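The structure appears below as structure tokens.
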């Protein structure tokens, strides 16, 4: 008796579509008629989309499926694709390295966004608009501080940090009151369980009292 193992089979090119899809693509390659190949290729495309529904959220969903069809066939399938056929050379091209930002953040708990907003506010010349932006930046800094440290922070600390980050160009009055921000940890209340316990304890006490009263009546001597 002969057994067929995966180690003896051909390697799966795109494992997410399975071996059956790969075998169907291989069958389409060997068909002599172009019209018949197009018909079966469209059926396989529909099956590939059904097997991977998460690809429907990807841009150019159908284009990606047709590209995968050509890749599974080893770029040998000859069908009328609605998109440009991919090439093996294109698959070998590596994307350009994006790189990581090398800018230094002075206060990491405020993030780079606060520094960008401060630079925008420094460029504003209109007094009222600039004062409104500074107030909003300070409130955002306080929220970021509380989120990072999970503790309250004095307004004086925020005002001082704002002055340092803006090199003294943006300032708030010392008596200004920023938005109140507090970190509140999640507390799980077990009120229902406590209520059930209280009800059960009440019922048990009532049942015990009734039993004791009945026992007293049974033990008592009849009066003449």
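Residue numbers (my numbering): 934 to 1157.
Glycine included, C-beta positions come from ideal geometry on N, C-alpha and C.
Being a predicted model, the structure only gives us computed values, none of them experimental.
Taking 8 Å as the cut-off, decide whether the C-beta atoms of residue 1011 and residue 970 are in contact.
-> Yes, the Cβ-Cβ distance between residue 1011 and residue 970 is below 8 Å.
Distance, residue 1043 Cα to residue 980 Cα | Roughly 49 Å separates the two Cα atoms.
So which of 1104, 1026, 986 has the shortest CA-CA distance to residue 1063?
-> Of the residues 1104, 1026, 986, the one whose Cα lies closest to the Cα of residue 1063 is 1104.
Give a yes or no on whether the C-beta atoms belonging to residue 1075 and residue 1112 are separated by under 8 Å.
-> In contact: residue 1075 and residue 1112 (Cβ atoms closer than 8 Å).
Helix, strand or coil at residue 1056 according to DSSP, with G and I counted as helix = Note: residue 1056 maps to coil in three-state DSSP.
Check whether residue 1070 and residue 1049 have beta carbons under 8 Å apart | No.
Which residue's Cα is closest to the Cα of residue 894: 1088, 1041, 1007?
-> Since the first residue of the chain shown is 934 and the last is 1157, residue 894 is not available in this structure.
Sort 1005, 978, 987 by Cα distance to residue 880 and report the nearest one.
-> Since the first residue of the chain shown is 934 and the last is 1157, residue 880 is not available in this structure.
Three-state secondary structure assigned by DSSP to residue 1040 = Coil.
As assigned by DSSP and simplified to three states, the class of residue 948 | Here residue 948 sits in helix by DSSP.
Just the C-alpha distance for residue 959 and residue 1077, rounded to the nearest angstrom, thanks.
-> In this structure, the CA atom of residue 959 is about 57 Å from the CA atom of residue 1077.
Does the ligand HEM have even one heavy atom less than 7 Å from the beta-carbon of residue 992?
-> Looking for the ligand HEM in the displayed structure turns up nothing, as the structure carries no ligands at all.
CA-to-CA distance, residue 1000 to residue 988, given in whole angstroms | Put simply, the backbone Cα of residue 988 is about 13 Å away from that of residue 1000.
Should residue 973 and residue 962 be called a contact, given that it needs their Cβ atoms to be closer than 8 Å?
-> No, they are not a contact pair.
Leaving aside the five residues before and after residue 1094 along the sequence, list all residues of the same chain whose C-beta is less than 8 Å from its C-beta, in chain order.
-> Excluding the 5 residues flanking it on each side, residue 1094 has same chain C-beta neighbours closer than 8 Å at 1040, 1043, 1074, in chain order.
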